[in-house]
Each structure stands twice: as structure tokens, then as C-alpha cells.
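What follows is a set of notes on a single structure, which appears directly below.
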Amino acid sequence: MEIVFKGGQFNEFTELNFKIESEYITGITGSGKTEILKLIDCIDYPKGSIYYDDVKLTKKNVNSIRRQVSLVEQEFKTQIFLKTVREHMLFIMKYYRLKINFPEKKMTDSLKIVGLESEYLDKEIDSLSASEKKLIQIAVSLLTNPDIILLDEPFINLDKKNEKLILILINKLKENYKKTIVIASHDSDMLYKYTKKMIFIKNNKVFLTGDTKEVYKRVDYLTKNKFEIPDIVRFTYKVIKEKNVNIDYHRDIRDLIKDIYKHV
Amino acid sequence: MSSIIEVDKLNYKNIFKNFSISIPENEFITISGTNKCGKTTLLKILSRDIKINNSIIYNKIYLESYTNNEIYNEIEAVIPSNEINFIFNTVEDELVFVLDNLGLSSEDKVKRLRKIVKVFKINKYMSCNPNNLHRNLRIKVEMALATIAKPKILLLDDVCSMMSKDETKEILDIIKYFKEEENMTIVMTTDNLSETIDSDYLYILRNGKIALEGKPKQILKEDNTINKIGLNLPFMVDLSVKLKDYDLIDDIGLDMDELVNKLWK
Chain A
1 MEIVFKGGQF
11 NEFTELNFKI
21 ESEYITGITG
31 SGKTEILKLI
41 DCIDYPKGSI
51 YYDDVKLTKK
61 NVNSIRRQVS
71 LVEQEFKTQI
81 FLKTVREHML
91 FIMKYYRLKI
101 NFPEKKMTDS
111 LKIVGLESEY
121 LDKEIDSLSA
131 SEKKLIQIAV
141 SLLTNPDIIL
151 LDEPFINLDK
161 KNEKLILILI
171 NKLKENYKKT
181 IVIASHDSDM
191 LYKYTKKMIF
201 IKNNKVFLTG
211 DTKEVYKRVD
221 YLTKNKFEIP
231 DIVRFTYKVI
241 KEKNVNIDYH
251 RDIRDLIKDI
261 YKHV
Chain B
265 MSSIIEVDKL
275 NYKNIFKNFS
285 ISIPENEFIT
295 ISGTNKCGKT
305 TLLKILSRDI
315 KINNSIIYNK
325 IYLESYTNNE
335 IYNEIEAVIP
345 SNEINFIFNT
355 VEDELVFVLD
365 NLGLSSEDKV
375 KRLRKIVKVF
385 KINKYMSCNP
395 NNLHRNLRIK
405 VEMALATIAK
415 PKILLLDDVC
425 SMMSKDETKE
435 ILDIIKYFKE
445 EENMTIVMTT
455 DNLSETIDSD
465 YLYILRNGKI
475 ALEGKPKQIL
485 KEDNTINKIG
495 LNLPFMVDLS
505 VKLKDYDLID
515 DIGLDMDELV
525 NKLWK
């Protein structure tokens with residue numbers, strides 16, 4: 001699903017003109033990134049215009065559009081009286097008034113997509129590890145069959161192994177299930193490596209958008225505006241600028257090394 | 265080098281079995297490891313968040329034998345996952361409350377408050393409600409509260425996990441300040457090895473055991489072991505280790521300018 005912001009006032013934001021393309025992984029960085037995710041998730045009903053596949057968000061259709069968007073928050077938030085994964089999932093289905101004929105099957109199917117066995121339904125949420133919690137959160141987000149999955153700092157508190165696990169899952173959701181993915185993160189190294197498009201937010205406005213590999217080449221411009229540059233880009237930029245060596249910008253360190261080898 | 269606090273043959277749940285570690289005085293120690301390696305638990309044990317008997321020795325005496333008054337303000341911890349609630353409505357009131365209980369002269373109180381506000385650069389937020397601050401600012405306020413009473417030991421649990429590289433550098437500079445100017449011993453956990461490079465000593469834990477320990481620049485050369493443990497190598501380490509494999513450089517370096525100048529003279 002494609003999302004288009006067409007100007008106007010959005011809470012504290014002004015001049016939000018940008019497009020999130022269907023079935024891509026888009027990254028958002030800068031201060032206010034979580035708030036942008038909340039706008040897309042229609043948590044608040046904004047004054048500005050947002051289009052979901054050419055349908056304008058209105059008071060009438062806000063509920064049906066909300067069901068097509070799922071926000072995976074930084075922390076696993078649940079109600080205090082809900083102990084197990086099953087209880088939490090049933091609560092979410094009720095909360096969104098989902099008409100599901102076979103809830104048990106829906107829950108196990110969602111777990112299966114994220115690679116977890118149905119035994120997890122009876123596990124207590126408090127007993128889960130950080131990565132299990134993140135996987136369960138994503139499974140919960142799938143209950144509504146959303147077209148768009150928004151992830152707010154999904155790798156916080158995850159180590160490298162678990163980060164990879166989540167990234168593989170995100171890619172699977174995009175490739176096999178045709179989901180549109182938006183990742184809000186402060187981690188420029190991760191955004192550079194895994195996103196296709198980037199949106200930079202500054203002073204409550206969209207500062208820069210574009211193809212990830214291309215936008216990050218504007219090192220001076222981004223640095224001047226206090227955006228973080230991925231290490232691999234900073235290195236490549238330095239080599240090109242200071243040594244006049246014509247190496248390419250790479251996402252993978254192994255490709256960079258091959259390129260260095262050719263040029264020393 | 266004498267240790268200020270040490271863990272002696274600690275047994276705790278199924279996380280630690282006969283675990284020992286020693287923290288030397290007035291050094292900046294980093295503890296790293298993957299999820300569930302025990303690093304946060306260790307910090308909670310050192311901060312008496314989790315109470316343990318007969319295993320933790322502080323200044324040669326078991327930690328549990330100190331009264332609260334004796335040890336109050338000597339060991340301070342910032343553990344963001346604990347999600348504390350601030351009592352007062354402004355950052356200033358929070359800081360002043362701690363100061364008031366230190367028995368300082370009013371002149372010294374003002375001096376100390378000014379110093380802390382300057383070190384953490386929080387003057388803009390003094391009248392803000394600390395409960396409404398963004399996570400990273402909140403952590404800074406928590407750190408200011410933890411350091412205002414000049415503790416001997418400052419324990420920090422993954423405080424930079426959501427910070428940008430610039431914000432992280434700021435925190436690392438603040439840590440350096442307290443170590444050098446106020447002789448604090450600082451123990452910080454992190455799963456980001458690039459935060460450990462400037463520490464005096466690095467422990468990498470795995471399943472409740474010390475897998476690697478030593479000066480960070482030496483430890484980070486063990487790229488195979490670190491990869492196996494499941495931690496990310498900082499970019500510069502990763503790059504220079506691989507370039508060394510290709511015989512393009514002789515030694516692992518962490519400085520980007522230096523490396524570029526070595527490759528293209």
C-alpha cells in the first residue's frame with residue numbers, strides 16, 4: 001500500500017509532503033520519527049491530508065484504514081491483567097473488533113509467520129526474552145492482516161544474532177507477504193544497509209527524502225544538519241574526497257574491501 | 265591496582281555459577297555480551313537492586329553488612345529498564361532534593377548544582393517535568409542525579425543504546441570527566457562494542473561466564489571469537505581486521521584518518 005502525505009498541518013508538523021512506496025522498506029530518522037509513525041497509524045486524526053492508495057483519510061474511513069496499518073512499538077505494551085500471549089492476542093482482536101472465524105488458527109498462523117511454535121500462546125509475556133517479545137509483537141501486528149507494518153526502533157535491546165533474525169523476518173514480510181515496511185531508527189548504519197528509501201525529519205518538517213544509497217552520499221549536507229552518517233559511507237567519502245580515489249559506495253563491507261584492493 | 269568492588273564466587277539463579285569479577289578503583293570498566301548473558305543482572309547485583317549475601321565485597325567488606333546510611337550515595341546506578349518515576353515536578357527540584365540531604369553549605373550546594381548542570385548541559389531543561397522528557401534526556405537527568413552526590417562507583421546499564429553517535433560521544437566524555445576529575449569508578453554495560461574502545465578494561469560475558477577480558481583494543485582483535493559470541497564488531501575494527509587478512513595493512517587501527525593515510529600514502 002502506498003501512503004502519500006500531501007501538505008497541511010499535522011499536529012506539530014508542517015509541510016509534510018512525502019510518499020511511502022508500496023512494498024518497499026522505508027527508513028525514517030531524525031527527531032519526531034515516532035510521531036510520524038503515529039500519524040501513519042492514524043492514532044491521532046490529523047488536519048493535513050494523508051492518502052492510502054489514493055484514498056484520503058477521513059473521519060468516516062479512519063477505522064477501516066487503521067486496520068490496514070500496524071504499529072510495532074519500541075516496548076511490548078499490554079494490559080496488566082493480561083498474562084499470556086494468547087490473552088494478549090485475544091484482547092487485540094476484540095479491541096480492533098476483528099471478525100475472525102477461527103481465532104485459534106489465526107493466532108497460530110501469525111506465530112508461524114514469525115517462526116514461533118504454537119506453544120508460545122500459553123507462555124507468559126513477562127517470561128519472554130527481548131527478541132521473543134519483538135517476534136510476538138510482530139505476530140500480534142499481523143492479526144489485523146495489515147498492508148503496512150511500522151516498526152519503531154525495532155532493534156533496541158537486541159544483539160547481532162537477534163537483530164539478524166528480525167531483519168530476515170522483515171524481508172520475508174516484504175517479499176512473500178507484500179507488506180510495506182517503515183522503520184523508524186536512529187541507527188544510520190542499519191538504515192543504510194537495509195532500507196531502500198529514506199525520510200529525514202528536522203524541525204518538524206521533512207528535510208530530505210530519496211533513495212537511501214543516493215541521499216547518504218550527501219555527507220556534508222547531512223553532517224551540517226546534524227544527521228548521522230553511516231560509518232561505511234563516511235569512510236568511502238573520505239577516500240574519494242581526500243585521496244581522489246574512485247571507489248564506489250557499498251552497503252556491504254566485503255564489497256568495500258574488494259574495491260579497496262583494486263585501488264591501492 | 266586495588267579493587268573497589270568485587271564479586272567472589274557468585275551463584276545466582278541459573279545465570280551465574282561460581283562467577284567472580286573484580287572492578288579496579290578509579291577505572292572505566294565496560295561489560296559487554298549478547299542478550300541474556302547476565303550483564304544487567306550483574307549490575308543490579310552490584311547496585312543492591314538484587315540483594316545477595318556473601319558474594320559481593322565492597323572495600324574489603326561484604327556489601328550486605330553495610331547499613332543503608334553508610335553506603336547511601338557511595339554506589340549509584342542508572343538502569344533505564346527499571347523505569348523509575350520522578351517525585352518532583354521539575355528537574356531542578358529533583359537535583360536540589362538530593363543535594364539537600366548531603367549536609368553541604370549553601371554555597372557548596374550552589375557550586376555543585378552549577379557544576380552538574382554544566383557537565384550534563386541540562387540548563388535548558390531545569391524547569392521541565394523530568395517524567396515528560398524524551399528517553400535520552402531522561403537518562404541524562406538520571407545520570408545527573410546519580411553523580412551529584414559524588415558517588416565512589418557509578419553503574420550504567422546500556423545507557424547509550426538509543427543514542428546517536430554524537431549523543432553517545434557526549435556521554436562517554438561525561439564518563440571520562442567523572443573518572444578523571446572526581447575519581448569515580450565507572451562500570452558500564454553495552455552490547456555496542458564501539459562504546460568500549462576508550463574504556464580501561466573490557467569484559468565480554470557469555471552465558472554468565474567471562475568469555476574475554478582485557479584492554480579493549482587487544483580484545484577487539486579476537487574477531488572470530490566475538491563473531492561467534494554474536495556481537496557486532498565496530499566498523500573500523502571489522503574493516504581493519506579484514507584489510508589485514510588481505511595484507512593491506514600491518515596492524516588493526518581504530519582511527520579512520522590514519523587508516524586512509526596508510527592505504528593511500
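Residue numbers (my numbering), protein chains in the order written: chain A, 1 to 264; chain B, 265 to 529. A virtual CB, placed ideally from N, CA and C, is assigned to each residue, including glycine. Please read all numbers here as calculations on a predicted model, not as lab measurements.
Looking only at Tyr221/A, Val215/A and Thr195/A, the smallest Cα-Cα distance to Glu23/A is reached by Thr195/A.
Judged by DSSP secondary structure, Met198/A falls within the beta strand (DSSP E) whose first and last residues are Lys197 to Lys202. Beta-carbon to beta-carbon, Leu121/A and Thr84/A are separated by about 7 Å, close enough to satisfy the 8 Å threshold. Under the DSSP assignment, Phe280/B falls in the beta strand (DSSP E) whose first and last residues are Phe280 to Pro288. Of His398/B, Thr449/B and Ala410/B, the smallest CA-CA separation from Ile269/B is found for Thr449/B. In the DSSP assignment, Ile183/A falls within the beta strand (DSSP E) that extends over Thr180 to Ala184.
Bounds of any beta strand (DSSP E) do not take in Ala139/A; it lies within the alpha helix (DSSP H) bounded by Ala130 to Leu142. Residue contact with chain A for Val405/B: absent (no Cβ-Cβ distance below 8 Å to any residue of chain A). In the structure shown, the three-state DSSP call for Arg234/A is helix. Only those residues of the region 298 to 310 of chain B whose C-beta falls short of 8 Å from the nearest C-beta of chain A are listed: Thr298, Asn299 and Lys300. Thr26/A is a Cβ neighbour of Ile199/A, given a cutoff of 8 Å. Neighbours of Lys429/B across chain A, judged by C-beta separation under 7 Å: Glu228. Annotation: Cβ neighbours of Ile156/A in chain B (cutoff 7 Å, chain order): Ser425 and Met426. Within the same chain, Cβ atoms closer than 6 Å to the Cβ of Ile309/B are found at Ile316, the five residues on either side in sequence being excluded. Rounded to whole angstroms, the separation of the alpha carbons of Ser345/B and Leu39/A is 27 Å.
Contact note: Arg234/A reaches chain B through Met520, using a C-beta cutoff of 8 Å and chain order. Chain order gives the chain A residues near Lys506/B as Ile253, Arg254 and Ile257, where near means a beta carbon separation below 8 Å.
Within 10 angstroms of the beta-carbon of Ser391/B lie fewer than 16 other beta-carbons, which makes it exposed. DSSP places Lys273/B inside the beta strand (DSSP E), whose first and last residues are Ser267 to Tyr276. Counting only Cβ-Cβ distances below 8 Å, Val524/B has contacts in chain A at Phe235, Lys238, Val239, Glu242 and Lys243, in chain order. For Ala130/A, the C-beta contacts it makes with chain B under 9 Å involve Asn299 and Lys300, in order along the chain. Within 7 Å of the CB of Leu527/B, the CB atoms of chain A belong to Ile260 and Val264, in sequence order along the chain. Around the C-beta of Ile348/B, fewer than 16 other C-beta atoms lie within 10 Å, and the residue is accordingly described as exposed.
The residues Pro154, Leu158 and Ile166, in chain order, have a CB closer than 7 Å to that of Lys134/A in the same chain once the five nearest residues on each side in sequence are set aside.
Taking 7 Å as the Cβ-Cβ cut-off, the region 460 to 494 of chain B approaches chain A at Gly494, given in chain order.
Counting C-beta pairs closer than 8 Å gives three or more between the region 132 to 149 of chain A and the region 99 to 112 of chain A, which meets the contact rule. Taken atom to atom, the span from the alpha-carbon of Phe442/B to that of Asn278/B is near 35 Å. Taking a Cβ-Cβ threshold of 9 Å, the residues of chain A close to Asp455/B are Asn157, Leu158, Asp159 and Lys160, in chain order. Flagged as an interface residue toward chain B: Asp231/A, by a C-beta distance shorter than 8 Å. Residue contact with chain A for Tyr389/B: absent (no Cβ-Cβ distance below 8 Å to any residue of chain A). Checking the DSSP bridge columns, you'll see Arg470/B partnered with Lys473/B. Classified as buried, Asn400/B has 16 or more neighbouring CB atoms from the shown chains inside 10 Å of its CB. Nearest Cα to Ile468/B within the set Glu445/B, Lys492/B, Asn447/B and Glu446/B: Lys492/B.
Excluding sequence positions up to five before and after Leu116/A, its CB lies within less than 8 Å of the CB of Glu132, Leu135, Ile136 and Ala139, all in the same chain and listed in chain order.
Rounded to whole angstroms, Thr29/A and Pro480/B show a C-alpha spacing of 30 Å. One thing to note: Thr305/B has its Cβ within 8 Å of the Cβ of Tyr276/B.
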